[in-house]
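Positions 1 to 358 (the UniProt record's numbering) are the ones given, in order, by the sequence shown. Idealized CB from N, CA, C, for every residue including glycine. Below is one structure; the comments refer to it alone.
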Amino acid sequence: MVKQMGQMDQLEKVVKTPGISGREKTISKLLKEYYAPYCDEIIYDNLGSIYGVIKSEKENPTTVLVTAHMDELGFIVKKIEETGLIRGLIMGKIEPNSLLGQEVHLYNRQGKAFPGVILGRNKANQVQGKEDVLLDFGFSSKEEALSEEVSLGDMVTFAPKFTVSKNGKEWIAPNWNGRISVNQTIDLLRQIYENQLSFPFDLYVGCTVQEQVGARGAQTAANLVAPDLTIILDTNRAWDYQEDAGDVQGELSKGVLLTYYDPSVLPNRLPMEELRKICEEAALPYQYYFSLEDSDGAWFNKLRTGCPVLFMNMPVRNMNTAAQVVSQEDYETVGQAIYLFLKDLDEAAIVSFKEENR
Numbered sequence: 001m002v003k004q005m006g007q008m009d010q011l012e013k014v015v016k017t018p019g020i021s022g023r024e025k026t027i028s029k030l031l032k033e034y035y036a037p038y039c040d041e042i043i044y045d046n047l048g049s050i051y052g053v054i055k056s057e058k059e060n061p062t063t064v065l066v067t068a069h070m071d072e073l074g075f076i077v078k079k080i081e082e083t084g085l086i087r088g089l090i091m092g093k094i095e096p097n098s099l100l101g102q103e104v105h106l107y108n109r110q111g112k113a114f115p116g117v118i119l120g121r122n123k124a125n126q127v128q129g130k131e132d133v134l135l136d137f138g139f140s141s142k143e144e145a146l147s148e149e150v151s152l153g154d155m156v157t158f159a160p161k162f163t164v165s166k167n168g169k170e171w172i173a174p175n176w177n178g179r180i181s182v183n184q185t186i187d188l189l190r191q192i193y194e195n196q197l198s199f200p201f202d203l204y205v206g207c208t209v210q211e212q213v214g215a216r217g218a219q220t221a222a223n224l225v226a227p228d229l230t231i232i233l234d235t236n237r238a239w240d241y242q243e244d245a246g247d248v249q250g251e252l253s254k255g256v257l258l259t260y261y262d263p264s265v266l267p268n269r270l271p272m273e274e275l276r277k278i279c280e281e282a283a284l285p286y287q288y289y290f291s292l293e294d295s296d297g298a299w300f301n302k303l304r305t306g307c308p309v310l311f312m313n314m315p316v317r318n319m320n321t322a323a324q325v326v327s328q329e330d331y332e333t334v335g336q337a338i339y340l341f342l343k344d345l346d347e348a349a350i351v352s353f354k355e356e357n358r
């Protein structure tokens, strides 16, 4: 698992590879490198979503999809001021209280990185305007910025960081929402390959694009893959430490989230119940969760005549900030749960999931 040095290096590399919504090409290239040894084929949709395919030997098999999203939160260059300061459009739902003074990196079209910082806009140090933030990358003028081939639409991310707590139990990074589940897709394909598993269905494992700005990649990926069952790997907010949290849920180190409600999709209960049984049989911790945020799951769920959706999410503290916190134990639990769920999944179960509400 990720405790092994090589896989921790992999995790850090995934975390530190930039890719906001609409600018996922660099992280996609990295995923292709990791996926290729473990699957029969790699496919893309026309927005850039990527999937590694493990083909079944069965004739006319059903299709199972395991999908995360690979876009992180960030900004794009909106305007280069005459002073050299840059205004950045916010891409995604970043927590505004977390922005002041955060380190950021700007990447021009050639991939050159420029370190910088988010500034306050006024004496009160307010950061966020109606739609943008003010960024300082050390350019003394607009001409200097242009000479470095900085252009409108260039990507800005939080500074890439990966920190492990002293006891090793917690991991801190600016982009777990958009990277922790991405890493799980790599681990899953490797685990299937190393254990020489075969399935009575075609298995697609990979990532969508543009989730942070409206689950756009999920729409095109759903049409590409046309799954009979979709398993979503993603993150949800941890509500286990806030003084005003009415409902304590999403506790760190308490296991995989069994999401039974999402504003955009009502997850199928039968596959969730099967996941619960698997967790109990394997002594894996799990916790029920209701989400108040939309997800990729809605588009797969509403595909054609309908597709069952199951979430296997992780809780994140400080979600959508520059210092998000996840639990190593939760990561391991989700990895084991998804593997065990797929290991014994058959077509009869998939049919039962599809017929659950008839």
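Checklist line | Own chain, CB closer than 8 Å to residue 248, minus 5 neighbours either side, in chain order | finding: 239 and 240
Notebook entry, point to check: Which residues mark the beginning and the end of the beta strand (DSSP E) in which residue 271 is found?
Noted result: Residue 271 -> not in any beta strand (DSSP E); alpha helix (DSSP H) instead, spanning 269-281.
Item checked: Spatial distance of residue 37 from residue 175 (CA atoms) -> 26 Å
Next item on the list: Within the same chain, show all residues whose beta-carbon is closer than 8 Å to that of residue 145, passing over the 5 residues directly before and after it, in chain order.
Entry: 80, 84, 86, 137 and 139
Note to self: I'd like the list of long-range same chain contacts for residue 224, defined as Cβ closer than 6 Å, with 5 residues on each side in sequence excluded.
What the structure shows: 45
Note to self: How far does the beta strand (DSSP E) with residue 68 in it extend, from its first residue to its last?
What the structure shows: 62-69
Check: Beta carbon of residue 363, beta carbon of residue 289: below 7 Å?
Finding: A question about residue 363 goes unanswered here, because the residues of the chain that appear run from 1 up to 358.
Margin query: Would residue 47 and residue 230 qualify as a contact pair, given that the criterion is a beta-carbon distance under 7 Å?
Written below: no
Checklist line | Alpha-carbon spacing of residue 99 relative to residue 213, whole angstroms | finding: 19 Å
Notebook entry, point to check: Can the beta-carbon of residue 93 be found closer than 7 Å to that of residue 313?
Noted result: 7 Å or more divides the Cβ of residue 93 from the Cβ of residue 313.
Checklist line | Residue from 339, 351, 311 and 21 with nearest C-alpha to residue 178 | finding: 21
Check: Does DSSP classify residue 314 as helix, strand or coil?
Finding: strand
Checklist line | Where residue 304 falls: helix, strand or coil (DSSP) | finding: coil
Item checked: residue 78 (DSSP reduced to helix, strand or coil) -> strand
Check: Within this structure, are the beta carbons of residue 180 and residue 325 separated by less than 7 Å?
Finding: no
Notebook entry, point to check: Would you call residue 216 buried or exposed, if buried means 16 or more other Cβ atoms sit within 10 Å of its Cβ?
Noted result: It counts as buried.
Note to self: With DSSP as the reference, identify every bridge partner of residue 132, one or two as the case may be.
What the structure shows: 89
Next item on the list: Verify whether the separation of the beta carbon atoms of residue 134 and residue 121 is less than 7 Å.
Entry: Closer than 7 Å, so yes.
Margin query: Using a Cβ distance threshold of 8 Å, determine whether the stretch 337-353 contacts the stretch 49-68, with at least three qualifying pairs required.
Written below: yes
Check: To the nearest angstrom, how far is it from the Cα of residue 254 to the Cα of residue 287?
Finding: CA-to-CA, the gap between residue 254 and residue 287 works out to about 7 Å.
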